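Residue numbers (the working numbering): 570 to 674. C-beta atoms are modelled at their ideal positions from N, C-alpha and C, and glycine is treated no differently. Just so we're clear, the structure is a prediction, and the values are computed from it rather than from any experiment.
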């Protein structure tokens, strides 16, 4: 007789009112309140790191803007694109943190 283990797939049961339900598809479902707290903190750490990256990026953009040379427009465009990516990442991690916070309530 074959030994089969049945694993129950966890699913989200609580949804933050300001987040779309499909956002939760990208998040791992916590298996306990402690697990949710850990995941929330990891996302908050990512937000802190992104904020520091944005500070460095803003300084780089200021430096490039002060140099009035025709060949740095490509570099400035690249910095703007990077800033957009960082803002989107910060938003994602903030929303993920909020989702785990709501799970714990």
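Quiz item: Beta carbon of residue 588, beta carbon of residue 664: below 8 angstroms?
Solution: The sequence position of residue 588 within the chain shown is 19, counting from 1. The sequence position of residue 664 within the chain shown is 95, counting from 1. Yes, the Cβ-Cβ distance between residue 588 and residue 664 is below 8 angstroms.
Exercise. Could you have a look at residue 656 and say whether DSSP puts it in helix, strand or coil?
Key: Here residue 656 is taken as the residue at index 87 of the chain shown, counted from 1. Helix.
Quiz prompt | Bounding residues of the alpha helix (DSSP H) (the contiguous stretch that carries residue 606) | solution = The residue labelled residue 606 in the question sits at position 37 within the chain shown. Where residue 606 is concerned, the enclosing alpha helix (DSSP H) stretches over 602 to 635.
Quiz item: Cα separation between residue 580 and residue 598?
Solution: Numbered from 1 along the chain shown, position 11 holds the residue referred to as residue 580. Numbered from 1 along the chain shown, position 29 holds the residue referred to as residue 598. Cα-Cα distance, rounded: 6 angstroms.
Quiz item: Between the Cα of residue 669 and the Cα atoms of 596, 590 and 591, which residue gives the shortest distance?
Solution: Looking up residue 669 in the chain shown gives position 100. Per the Cα distances, 596.
Practice problem: Can you grab the Cα-Cα spacing for the pair residue 611 / residue 651, in whole Å? | Solution: Your numbering for residue 611 matches position 42 in the chain shown. Your numbering for residue 651 matches position 82 in the chain shown. Going by the C-alpha atoms only, they are around 22 angstroms apart.
Practice problem: For residue 666, count neighbouring Cβ atoms within 10 angstroms of its own Cβ and tell me buried if that reaches 16, exposed if not. | Solution: For the purposes of this step, residue 666 is taken as residue 97 along the chain shown, with counting starting at 1. It counts as buried.
Quiz prompt | Same chain, Cβ closer than 8 angstroms to residue 645, five either side skipped, listed in chain order | solution = The sequence position of residue 645 within the chain shown is 76, counting from 1. 630, 633 and 634, listed in sequence order.
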